[in-house]
Amino acid sequence: MVNCNDSRMRLIFNYIFILLLCLGSAVYLLQNLGYELPHFIQNHFNDLLIVPIVLWIALITLRALLPSQNIGIPLWAIILIVMGYSIYFEYYLPFIHPRYTGDFWDVCCYALGGWFFYFWQHYTLK
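So the mapping is simple: my numbering equals the position in the sequence shown, first residue as 1, plus 550.
Here it is as structure tokens:
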């Protein structure tokens, strides 16, 4: 039986993480069903959510691999992830695939998501 007091389990079942996953999934589902969503939600909301979701999964993985250490993802790694998403999705993919368009506001959403994650993880490390 799993100990629910274990810090890794609390991390996995963190309410904010679950909320972000549910919101992102709901937007994706509504888009695929053809619902007309407000401009920001349609075009930028999932870009705001993706960096915290990916980094939270990375943090869960790190803590599972190194359970004796209460580690977090350093700021430089968060910045690299934000830059990687920005370059790949907003610069590279628009050149090779017509579905993608480069958008400055998406880059801002990635950065805001990274900023949110940075403070969120430090709150949960306490």
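We put the CB at the ideal spot given by N, CA and C, even for glycine.
Put simply, the backbone Cα of residue 660 is about 7 Å away from that of residue 600.
In the three-state reduction of the DSSP assignment, residue 613 falls in the helix class, which pools H, G and I. Boundaries of the alpha helix (DSSP H) around residue 589: 589 to 593. For residue 624, no alpha helix (DSSP H) encloses it, and the DSSP letter there is neither H nor E. For residue 570, the enclosing alpha helix (DSSP H) covers residues 565 to 582. For residue 666, the closest C-alpha among the options 613, 616, 632 and 611 is that of 632. By the 16-neighbour rule on beta-carbons within 10 angstroms, residue 641 is exposed. Under the three-state reduction of DSSP output, residue 640 falls in the helix class.
Look at residue 672 here: in three-state DSSP terms it is helix. By the Cβ criterion, the stretch 582 to 600 is in contact with the stretch 646 to 662, since at least three pairs of Cβ atoms, one from each stretch, lie closer than 8 Å.
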